[in-house]
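With my numbering, the residue at position 87 of the sequence shown is 87, and numbering never jumps.
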Amino acid sequence: MRVTSSLWVGAYVRRCFAAGAMAAICRRGAEAAGAIYLKINRLDGSFDLYGPAPQASFDEDKPRDRRFEALRTGVAEPEVDGLLARESDFDPDIWVVEVEDRAGRAFLDA
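What follows is the structure, encoded as structure tokens:
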């Protein structure tokens, strides 16, 4: 059984804080299964955006784990915000978490 989006996001924010980064939930989506997007602010004017990986990238052994892929890297904030606006128009249940980290760490397991 996969953990809920709400639980995953809460644990992710705590993980960011524990590593010395700031994190904030910018948009709350569906508690159980909302798609999660991670907006990484590198604090130099550039941003990265991670979103749900396509189902084809899931491992047969771990089909329920959450997987992410880089959707944009090193771009300006308006580009990231535009993509998130389009996603939320398509799916109003998305979650958005913004992380501020000079090193650009996304805090995702490899």
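Using N, Cα and C, we set each Cβ at its ideal position, and we do this for glycine too.
If you're wondering where the values come from, they're calculated on a predicted model, not measured in any experiment.
{"Asked": "Local Cβ density within 10 Å of phenylalanine 17, reported as buried at 16 or more and exposed below that", "Found": "exposed"}
{"Asked": "Burial state of aspartate 89 (16 or more Cβ within 10 Å)", "Found": "exposed"}
{"Asked": "Presumed contact (8 Å Cβ cut-off) between valine 97 and valine 9, rounded CB distance", "Found": "6 Å"}
{"Asked": "Cross-strand partners of glycine 51 (DSSP beta bridge)", "Found": "Glu69"}
{"Asked": "Where glutamate 31 sits in the DSSP three-state scheme", "Found": "coil"}
{"Asked": "Buried versus exposed, by CB contacts within 10 Å (16 or more), leucine 49", "Found": "buried"}
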